[in-house]
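Peer 1: Residue numbers for the sequence shown follow numbering that gives the first Met the number 0, beginning at 0 and rising by one.
The beta carbon of each residue, even a glycine, is placed where N, CA and C say it ideally should be.
Being a predicted model, the structure only gives us computed values, none of them experimental.
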Amino acid sequence: MEKIKTCRICNNKNIVEFLDLGEQPPANSLMKNIDDEEVFYPLSLSWCPECNLVQLNHTVDPKELFSNYVWVTSTSKTAREHSEVFYNDILSRTNNLEEGYVIEAASNDGTFLLPFVKNNYKVLGVDPAQNIVNIAVSKGVPTICRFFGTDTAEELLQNHGPAQVIIVRNVLSHVANLHDFVKGLNICLKEDGLLAIEFHYAKEIFEELHYDSIYHEHLCYFTLKSVENLLNRYNLFVNDIKESPISGGSLILYVKKEKGTVSPTVQRYRDIEKTIKINELRSWKDFATKVYSHRDQLLEILKDAIKTKGPIVGYGASARSSTLLNFCGIDSKYVTKIADQNTLKHKHYTAGTHIPIESPEDVMSEKPEYVFILAWNFTDEIINSLRENFDFNGKCILPLPNNPKIVNVRE
Ligand SMILES: [Zn+2]
0 MEKIKTCRIC
10 NNKNIVEFLD
20 LGEQPPANSL
30 MKNIDDEEVF
40 YPLSLSWCPE
50 CNLVQLNHTV
60 DPKELFSNYV
70 WVTSTSKTAR
80 EHSEVFYNDI
90 LSRTNNLEEG
100 YVIEAASNDG
110 TFLLPFVKNN
120 YKVLGVDPAQ
130 NIVNIAVSKG
140 VPTICRFFGT
150 DTAEELLQNH
160 GPAQVIIVRN
170 VLSHVANLHD
180 FVKGLNICLK
190 EDGLLAIEFH
200 YAKEIFEELH
210 YDSIYHEHLC
220 YFTLKSVENL
230 LNRYNLFVND
240 IKESPISGGS
250 LILYVKKEKG
260 TVSPTVQRYR
270 DIEKTIKINE
280 LRSWKDFATK
290 VYSHRDQLLE
300 ILKDAIKTKG
310 PIVGYGASAR
320 SSTLLNFCGI
330 DSKYVTKIAD
340 QNTLKHKHYT
350 AGTHIPIESP
360 EDVMSEKPEY
370 VFILAWNFTD
380 EIINSLRENF
390 DFNGKCILPL
400 PNNPKIVNVR
410 E
């Protein structure tokens, strides 16, 4: 673990800390046994007065976080549906793709390359987790096990030539050496090629208080302004923008090597960012104030519910829930068990807060009055399942977005 001394994009020495979420374990480090040893790293954010990047103050060794990864893209229904839309969109923006090939950096299990493979386009996935690469290859998506950067880019260029399309989804915020990564993109992108970059947009985090998406894997929280500052340094220019439903609000940037004309959409986003002052320190200080008060409100709601109706259970032991539980100090005294559909997580305990994770069937057999929905970005899907599969008639506590609230499932 390293503390940064300068801004991750512009090297400014005077970055300003504005939010401290305390010492936290890596979000995906679920425990097999409750007395396993745990590591905790500081989790705090700074803002850069030069390039306005919002960023973590500490970097946990990427090998520790990503070499054996637990997130598999295809388990998300939203992601599977989005991959088809994404494919069609790329195709409509590219000429002569049949003569070139598509690279995806951090391609995970190949979900987003699969539609290209099915339509006989040449692809190559690059991902650092061998366990996930094996899954991709078994599905017929050619994938090599590497971290993406200038070295990998040179190798790809030499072996396959420049790529017509490069896809970079939800990885830029994970990258410790941003400069090496973006330089690599420039190296292996064809002169008239298309680069599609998707990321959880800082505007959504800022406006809806998604502070639970802040964890050690996410080093940067990009606005259009801060990401353009990074890309422009490597002669990559944002040409158009589209919204995506991933992570509760993401942007897809279409980037080219040629500066060219930008679409009115790009200008609209630049204007919105000015209007809502998202690139100013004052706004992020307000955000921090709201985060601290959100914690107090949430704890009040949980304590009240426990006082009147007894023990509460949780739903969704996601990575995001780890930040929320650890920051708010919600442990097994508040939440007795957490239900999760992923069987790999069963018979484990949440990192830092030690709440047992079980199957939804096990957890709901206790007939709880309240269910605390930790994976709140899947609220509709979860409430439907509680109604249909467990005949649940109680109440759900939703921590986010914005203020925590209680909803009656019967309504
Ligand atoms: Zn900076």
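Out of 53, 394, 293, 239, which has the shortest C-alpha to C-alpha gap to residue 208?
Peer 2: Of the listed residues, the one whose Cα sits closest to residue 208 is 293.
Peer 1: Please list the terminal residues of the continuous alpha helix (DSSP H) segment that includes residue 22.
Peer 2: Element bounds for residue 22: not the alpha helix (DSSP H) but the beta strand (DSSP E), 15–23.
Peer 1: Our contact map puts residue 120 next to residue 97 with C-beta atoms below 8 Å; I'd like the distance itself, whole angstroms only.
Peer 2: Sure, about 7 Å apart at Cβ, within 8 Å.
Peer 1: Got a sec: does ligand 1 put a non-hydrogen atom nearer than 7 Å to the Cβ of residue 278?
Peer 2: Not under cutoff, so the answer is no.
Peer 1: Is residue 11 near ligand 1, going by C-beta to nearest heavy atom under 7 Å?
Peer 2: Yes, ligand 1 has a heavy atom inside 7 Å of this Cβ.
Peer 1: Within a Cβ cutoff of 8 Å, which residues of the same chain sit near residue 11, ignoring the five residues on either side of it in sequence?
Peer 2: Cβ neighbours of residue 11 beyond the five flanking positions: 5, 47, 48, 49, 50.
Peer 1: Could you tell me if the beta carbon of residue 52 falls within a distance shorter than 7 Å of some heavy atom in ligand 1?
Peer 2: Yes, since a heavy atom of ligand 1 falls inside the 7 Å radius drawn around the Cβ of residue 52.
Peer 1: Between which two residues does the alpha helix (DSSP H) containing residue 54 stretch?
Peer 2: Careful: residue 54 lies outside any alpha helix (DSSP H), inside the beta strand (DSSP E) at 53–55.
Peer 1: Just to check my reading of the structure: residue 141 and residue 125 have Cβ atoms closer than 8 Å, yes? What is that Cβ distance to the nearest angstrom?
Peer 2: Actually they are not in contact, since the Cβ atoms of residue 141 and residue 125 sit about 10 Å apart, beyond 8 Å.
Peer 1: If residue 171 sits next to residue 198, beta carbons under 8 Å apart, how far is it from one beta carbon to the other, in whole angstroms?
Peer 2: Confirmed, Cβ separation roughly 5 Å.
Peer 1: What did DSSP end up calling residue 12 once you bin it into helix, strand or coil?
Peer 2: In the structure shown, residue 12 sits in coil (DSSP, three-state: anything other than H, G, I, E or B).
Peer 1: Beta-carbon separation of residue 195 and residue 226 under 8 Å?
Peer 2: Against a cut-off of 8 Å, the Cβ pair of residue 226 and residue 195 comes out as no contact.
Peer 1: Does the Cβ of residue 187 lie closer than 7 Å to at least one heavy atom of ligand 1?
Peer 2: Outside the cutoff, so no.
Peer 1: Give me the residue from 299, 311, 100, 1 with the minimum Cα distance to residue 332.
Peer 2: Closest option to residue 332, Cα to Cα, is 311.
Peer 1: Determine the direct distance from the alpha carbon of residue 234 to that of residue 186, and round the result to whole angstroms.
Peer 2: Near 11 Å, if we compare the C-alpha coordinates of residue 234 and residue 186.
Peer 1: Out of 384, 347, 389, state which residue places its alpha-carbon closest to the alpha-carbon of residue 366.
Peer 2: Checked all of 384, 347, 389; the closest Cα to residue 366 is 389.
Peer 1: Just how far apart, CA to CA, sit residue 474 and residue 158?
Peer 2: Only positions 0 to 410 of the chain appear in this structure, which leaves residue 474 out of reach.
Peer 1: Could you say if the region 373–393 and the region 177–186 meet the contact criterion of at least three C-beta pairs nearer than 8 Å?
Peer 2: Taking 8 Å as the limit for Cβ pairs, the verdict is that the region 177–186 does not touch the region 373–393.
Peer 1: Go ahead and pull the three-state DSSP assignment for residue 168.
Peer 2: Of the three classes helix, strand and coil, the one that applies to residue 168 here is strand, per DSSP.
Peer 1: Just how far apart, CA to CA, sit residue 408 and residue 304?
Peer 2: Their Cα atoms are separated by approximately 15 Å.
Peer 1: Roughly how many angstroms lie between the CA atoms of residue 411 and residue 211, to the nearest whole one?
Peer 2: What is shown of the chain runs 0 to 410, which leaves residue 411 out entirely.
Peer 1: Could you pull the start and end residues of the beta strand (DSSP E) that residue 126 belongs to?
Peer 2: Its beta strand (DSSP E) spans residues 121–126.
Peer 1: Can you round the beta-carbon distance between residue 54 and residue 39 to whole angstroms, since I take them to be within the 8 Å contact cut?
Peer 2: Residue 54 to residue 39, Cβ: 20 Å. No contact.
Peer 1: What are the uninterrupted segments assigned as beta strand (DSSP E) that are 3 or more residues long and contained completely in the region 150–233, given in chain order?
Peer 2: The qualifying runs are 162–168, 188–199.
Peer 1: Quick check on the burial criterion: 16 or more other C-beta atoms within 10 angstroms. Buried or exposed for residue 427?
Peer 2: The chain is shown from 0 up to 410; residue 427 falls before or after that span and cannot be answered.
Peer 1: Can you name, in chain order, every residue of its own chain whose Cβ lies under 7 Å from the Cβ of residue 151, other than the five neighbours on each side?
Peer 2: Cβ neighbours of residue 151 beyond the five flanking positions: 125, 145, 183.
Peer 1: Is residue 0 helix, strand or coil by DSSP?
Peer 2: Looking at residue 0 - three-state DSSP - the assignment turns out to be coil, as it is neither helix nor strand.
Peer 1: What are the complete beta strand (DSSP E) segments, minimum 3 residues, inside the region 258–333?
Peer 2: Fully enclosed beta strand (DSSP E) runs of 3 or longer: 311–314.
Peer 1: Could you tell me the boundaries of the alpha helix (DSSP H) in which residue 391 lies?
Peer 2: Element bounds for residue 391: n/a, residue is neither H nor E.
Peer 1: Is residue 399 near residue 406, with beta carbons less than 8 Å apart?
Peer 2: Not a contact, by the Cβ cut-off of 8 Å.
Peer 1: Would the beta-carbon of residue 8 be found less than 7 Å away from any heavy atom of ligand 1?
Peer 2: Yes, the Cβ of residue 8 comes within 7 Å of a heavy atom of ligand 1.
Peer 1: For residue 191, tell me which candidate among 343, 300, 351, 94 has the shortest Cα-Cα distance.
Peer 2: Residue 94 is the option with its Cα nearest to residue 191.
Peer 1: Using the C-alpha atoms, what's the distance from residue 357 back to residue 381?
Peer 2: So the alpha carbons of these two residues sit roughly 15 Å apart.
Peer 1: Could you please give the first and the last residue of the uninterrupted beta strand (DSSP E) stretch that includes residue 118?
Peer 2: Element bounds for residue 118: n/a, residue is neither H nor E.
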